[in-house]
Structure formats: C-alpha cells, structure tokens
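Student: Here you go, one structure.
2 protein chains.
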Amino acid sequence: MPDILSHGQYDTVYNFLSLVIASQLFTALFLLISLPRILPRYRQAITVAIIVCGIAAYHYFRIFDSFKEAFVTTSVGGTGDYTQAVGTGFNEGYRYVDWFLTVPLLLVELIAVLALARKVQSGLLMRLVPAAALMIALGYPGEISGENSLRIIFGLLSMIPFAYILYILFVQLSKSLTSQPASVRTTLSRLRYLLVISWIVYPIAYVLPLFNAGGGDAWVSKQVGYSVADIVAKAVYALIIFSVAKAKSYEDSSEFAASERSHEDAVKGRK
Amino acid sequence: MPDILSHGQYDTVYNFLSLVIASQLFTALFLLISLPRILPRYRQAITVAIIVCGIAAYHYFRIFDSFKEAFVTTSVGGTGDYTQAVGTGFNEGYRYVDWFLTVPLLLVELIAVLALARKVQSGLLMRLVPAAALMIALGYPGEISGENSLRIIFGLLSMIPFAYILYILFVQLSKSLTSQPASVRTTLSRLRYLLVISWIVYPIAYVLPLFNAGGGDAWVSKQVGYSVADIVAKAVYALIIFSVAKAKSYEDSSEFAASERSHEDAVKGRK
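Chains H and A, in that order, give the protein sequences. 30 is the number that the UniProt record's numbering gives to position 30 of the first sequence; each next residue is one higher, with no gaps. 265 is the number that the UniProt record's numbering gives to position 265 of the second sequence; each next residue is one higher, with no gaps.
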C-alpha cells in the first residue's frame, strides 16, 4: 500500500470502487425483478446469482469506507495529494471474505442453470464448492503476511484446488454439456472461459508485491484490476447465466415462450 | 477483553464479524426469494429462519460498531497496534440479546419443518421455547458479573434447561421423526447434532475467563469461535432446513416437483 496517492490516483480508485457497487447492486436488482420471467426450475441459479452480486455489493461498500478512512488529504505545499492516514490501513481482507463466499457460489450458479439430474448435480457440487473455498482460504495467509516466502508457499498451495476446479470444469463437465439444448451449448462452454479468464486477474495481483511493485501506480492498477475482474466474474457472468436460463425456459415450454417473446417471434414460432 | 490488539488480530476480528453479517444477511435474502419454491405448509419454518438470520445480522452490525469504537489506533512508536479506547468497552451483551431471541426460534424452525399434528407440535414448542429462553437468561448474570463464583453458579443453573432441551430433542422428538419421509429422516436426525455441537462453543467461551485466558489471542479466538458458531447454528442450519422443506414439498406434490425439478428428474419421477 502506497504512502501517497496523487489526486488523480485517489479519484480513479474512488470511481472504480463506486462503479463496482453500482454494477453489482443493480445487476442484483435487475435479476430480482426478472425472476418470474424464467421457469421455476432455473430460478435457483438466478437466486444464487442475486446473492453473489448482493454479497459483492456489501463488501464493496465496506472496501469503499475502508479506502476513505485509510487516506486523508494533506494540504502541505498545496499539492492536493492524498496521504495515507497514520496507522490505519486499507483492509484488503474484505476481498478474501467476499471471495470465500462468492467464488463457490459462482460455480453453484453454473451447475444450477444446467438443471442436471439431481445425482450428477450434487456430485459436481460436492467437488467444486469445497475446492473453491479451499482455494481462497489458502490464499489468505499469504496475502496478509508481509513475507515473500509465505506469499509464495500459500500461492502455490492454492493452485492445487484451482487446478482441480479446471479439471472438473473442462473434463468432467464437458460430458454434461452435451445434454444441453443446442441453443445454449456454446454459450455455456464459453462461460467457463469467461470465469477462468476473469479469475486470472487475482493471482496476477497476488504476485505483484513479490516484484516490489509497491508504488502508487501499481497499487491503483491492482485496485482497478480487481474491480473490473469482479464486475466481469459476477455481474456480466450473472447476466449471461440469466440469458441461458431464459433460452432454456423458452425451449422447455413453447407456451411460456409465446407469452414472453415479441409478437413477430411468436408468430414465426407458430408457423 | 485485552488492552492491546495487534494489527493482524484486529483485522481478523473485523473480517470475521463482517463475514457473519454477510452470511446472515444474504442467507435471509436467499430464503426470502426462495420462499415460493416450497409448499405453503413449510413456509412457516422458512419464515422463522429468515427472521433468525435477520435478527443475527442486526446484532452483528451492532457488535461490529461496538468493536470499532472499543479500539482506537495508536501511532505511538509507529507499531500500528490497536489499543483499547479509554472508558469504552466492547459490548458482549448484544450477543445475549441476540441469543435470547434467536435460540428459541431455532427450535421453532426445527419443529415447524416437521409439520407435525397441531397438538404434538404445540406440546413440543411449549416445552422447548421457554427452556431455551431460560437457558440464555440464566447465562447473562454470570457473563456480566466480574466474579468467578457468580459465573460458575449461573453457568450451572443454565445447564438445567439445556439438559431438558437435550432430553426433548433426543428422546421425545425421536418418536415424531419416524413419521417423516425416509428421504429427510436422516438429515433431520443429524440436524439436532449440528445444533447441539454448534452450541457447545458458547459454554466453552463462557468458562474461558475462569482460567484467566485474558490475553489478546484468547479473546480473538473467542470472537472467531462465536462467529463461526453463529454462522453454522443459524445460516447453515437454515439452509439445511430449507433443503428439508424442499424435499418434503416434492414428496407431497409430484406436480410441484415436476415444475421445480430438472427435466431429467421429472421424467424419471413420472416413470
């Protein structure tokens, strides 16, 4: 964490943190209002998506407050720079609390929208959820310790459950994807990549301190990176899950599709 | 309560208290959204579960604020340690107010989801609810008194209603469990153990001061222990109650099950 942020750096972090709050909160609200517009069997997935965005919004409120308290303005020399408040730190731990709850739930969303047979579904969840929780929990001691060696050890340890999650998503899950309707198969397959690519930001930010990238710019980039990754992995991801749930609802019930779709589409569908 | 917390100790308590708020708040929201996804006869149990998680979230907001006010940063020597603010104390009493309301309600949840005959149900509630309220009320004078003798006396007194609750749950209730559908009987039976095991944390934390475990680490462990116990006994417990309510709803109405379940399961169920 840098000792001094310039006015521009301070405002950048401020604005990005606020952008995340708005994105998560209103994605959650949009999905809450839209819940009746999908069939009941897909509502579990969207309910979990609402919860994920809500939990993220809650933690960004906390992060926002922590950021405001950690930096105070100095007018020394009239530079307008912000300087770190003495003794109080920016609490990076909130992010881990957030991920500890949301990352397992992101995988639950994906599995729930597939609406697989109960047995297959619980088999996948029993593997993915503990692995995701373990991945985050192992990162935490490395993040809060000031020592590089601990950061490396716990970083490597958390790669083990991460590799396991990749194996389940890209090997085990591929079999289940073949049973999905053709209209959503590609989207679902790509969704795994969106998840994994947006997750890559986190380990990059995690290893940055090892290279002594402790300056203001590096720190601001890290906060912006986390913010963008959290928007993509939670809000954008949730909206794609919702579009899948909607497409599957239409496939399952032509009656439901007719009431939801545009006139033109409905007429075409009748022909 | 310790005079000084290190930066790491302070952040650990901070993050765990925040984790409890997020867990309770969003479990309540999840259940609120999911209420239509069970049959009306099980909604009483889930409504009580929402209230319990809501009450817990409220009290953890209070505990969080009380914690923030009880410790202030010192910059003496630049160590970054937090020291107790003069004159203000951390209000452990909030926990008792919370338990006084939520512990009886946790037992109401369990009885309500069984959906027993009205007479049996009210018979069980008339015994469990007063016993639970009495158990908490008797613990309070011991907790706030600074004297070990009072702590021991009231601790022992509160064990009497606790023993009575155990008797009702594991002897009286066992008869009623046999009438439950086979698919949820084991879950319900285990749920009693989850409740009782998570409750064990509270008496352990209660007797700790007797052994002069007054250091920072002991205090931090106590706060973490309470937090984890409250998450398990309220949020995790509520989610299990919900899964029982869902399973029983499916058993009661195959029509309801068909609309909620995946295609595959619905087809299998019809065969």
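Yeah, the Cβ is synthetic: ideal placement off N, Cα and C, and Gly gets one too.
Check each residue of the region 125-140 of chain H: if its Cβ is closer than 8 Å to any Cβ of chain A, include it; give the result in chain order.
Tutor: So nothing in the stretch comes that close.
Student: Measuring alpha carbon to alpha carbon, tell me which of Q44(H), L5(H), E109(H), R127(H) ends up nearest residue 274(H).
Tutor: With chain H represented from 1 up to 271, any question about residue 274(H) goes unanswered, as that position is not in the structure.
Student: So the candidates are E255(A), K246(A), S253(A), F242(A); which of them puts its Cα closest to the Cα of L106(A)?
Tutor: Ranking the options by Cα distance to L106(A), first place goes to F242(A).
Student: Can you find at least 3 beta carbon pairs, one from the region 251-260 of chain H and one from the region 4-21 of chain A, that sit closer than 8 Å?
Tutor: No, the region 251-260 of chain H is not in contact with the region 4-21 of chain A.
Student: For C53(A) and Q24(H), I'd like the C-alpha separation in whole angstroms.
Tutor: About 22 Å.
Student: According to DSSP, simplified to helix, strand and coil, what is I38(H)?
Tutor: Residue state, collapsed to three classes: coil.
Student: By the three-class DSSP mapping on this structure, what secondary structure does F242(A) have?
Tutor: Looking at F242(A) - three-state DSSP - the assignment turns out to be helix.
Student: Rounded to whole angstroms, what is the Cα-Cα separation between A235(A) and Q223(H)?
Tutor: If I take the Cα positions, the gap works out to 31 Å.
Student: In chain A, which residues lie less than 7 Å from R43(H) when you measure between Cβ atoms?
Tutor: R37, listed in chain order.
Student: Is the CB of R270(A) under 9 Å away from at least one CB in chain H?
Tutor: Only weak support exists for where R270(A) lies, its pLDDT of 47 falling under 50; the value from the coordinates is given anyway. It does not; no Cβ of chain H falls within 9 Å.
Student: Check each residue of the region 100-113 of chain H: if its Cβ is closer than 8 Å to any Cβ of chain A, include it; give the result in chain order.
Tutor: The region 100-113 of chain H vs chain A, Cβ under 8 Å: F100, L101.
Student: What residue from V220(H), Y94(H), F100(H) has the CA that sits closest to G8(H)'s CA?
Tutor: Ranking the options by Cα distance to G8(H), first place goes to V220(H).
Student: Would you mind working out which of Y140(A), L39(A), S176(A), K248(A) sits nearest E119(A), comparing C-alpha positions?
Tutor: Reading the sequence as shown, one finds Lys at residue 119(A) and not Glu. Checking every option, the nearest Cα to that of K119(A) belongs to S176(A).
Student: Does the CB of T27(H) have a neighbour CB from chain A at under 9 Å?
Tutor: Answer no: the Cβ-Cβ gap between T27(H) and chain A never drops below 9 Å.
Student: Tell me whether Y193(H) is buried or exposed, calling it buried when 16 or more other Cβ atoms sit within 10 Å of its Cβ.
Tutor: Burial call: exposed.
Student: Using C-beta distances below 7 Å, list every residue in its chain close to I136(H), excluding the 5 sequence neighbours before and after it, in chain order.
Tutor: So the qualifying residues of the chain are Y96, W99, F100, V103.
Student: Listing by chain order, which chain H residues have their CB less than 8 Å from the CB of Y14(A)?
Tutor: In chain order: N91, G93.
Student: Can you give the beta carbon distance from F71(A) to I55(H), rounded, assuming they're within the 8 Å contact cut?
Tutor: With a Cβ gap of about 26 Å, F71(A) and I55(H) do not count as contacting.
Student: Could you tell me how far apart the beta carbons of L210(A) and A218(A) are, in whole angstroms, since I believe they sit closer than 8 Å?
Tutor: Not really, about 12 Å apart at Cβ, beyond 8 Å.
Student: Roughly how many angstroms lie between the CA atoms of Q172(H) and S34(H), to the nearest whole one?
Tutor: Each residue's alpha carbon lies about 31 Å from the other.
Student: Which runs of the alpha helix (DSSP H), 4 residues or longer, sit entirely within the region 111-153 of chain H?
Tutor: Taking only runs of at least 4 residues, the alpha helix (DSSP H) segments lying wholly in the region 111-153 of chain H are 118-144.
Student: For P36(A), which residues of its own chain have a beta-carbon under 7 Å away from its beta-carbon, when the five flanking residues on both sides are left out?
Tutor: Closer than 7 Å at the Cβ level, and outside the excluded window around P36(A), lies no residue.
Student: Please classify F90(A): does DSSP put it in a helix, a strand, or coil?
Tutor: DSSP places F90(A) in coil when its eight states are reduced to three.
Student: Give a yes or no on whether the C-beta atoms belonging to residue 273(A) and S158(A) are separated by under 9 Å.
Tutor: In the structure displayed, chain A extends from 1 to 271; residue 273(A) sits before or after that span and is not available.
Student: For a contact meaning CB atoms closer than 9 Å, what does V97(H) contact in chain A?
Tutor: Neighbours of V97(H) on chain A, chain order: N15, F16, S18, L19, A22.
Student: If the cut is a Cβ gap below 9 Å, which residues of chain A does Y226(H) touch?
Tutor: Going along chain A, no residue has its Cβ under 9 Å from Y226(H), so there is no contact; the nearest lies around 17 Å.
Student: Only counting the same chain, and skipping five residues up and downstream in sequence, which positions put a Cβ closer than 7 Å to that of S145(H)?
Tutor: Here the set comprises R151.
Student: Assuming L188(A) is part of the alpha helix (DSSP H), what are its boundary residues?
Tutor: Counting along the chain, the alpha helix (DSSP H) containing L188(A) begins and ends at 182-207.
Student: Answer yes or no: do A247(H) and T187(H) have a C-beta to C-beta separation smaller than 9 Å?
Tutor: Yes, the pair counts as a contact, with Cβ atoms nearer than the cut-off.
Student: Report the residue from E92(H), L29(H), L125(H), Y164(H) whose alpha carbon sits nearest the alpha carbon of L239(H).
Tutor: If we check each option's Cα against that of L239(H), L29(H) comes out closest.
Student: Who does L106(A) pair with in a DSSP beta bridge?
Tutor: None, per the DSSP bridge assignment.
Student: For the alpha helix (DSSP H) that contains D217(A), what are its first and last residues?
Tutor: Start and end: 216-230.
Student: Can you say whether N148(A) is buried or exposed, counting buried as having 16 or more other CB atoms within 10 angstroms of its CB?
Tutor: Burial call: exposed.
Student: Got a sec: is the Cβ-Cβ distance from Y60(H) to anything in chain A below 9 Å?
Tutor: Chain A, which has no Cβ nearer than 9 Å to the Cβ of Y60(H), makes this no.
Student: What residues from chain H crowd round E251(A), counting only those whose CB sits closer than 9 Å?
Tutor: Going along chain H, no residue has its Cβ under 9 Å from E251(A), so there is no contact; the nearest lies around 13 Å.
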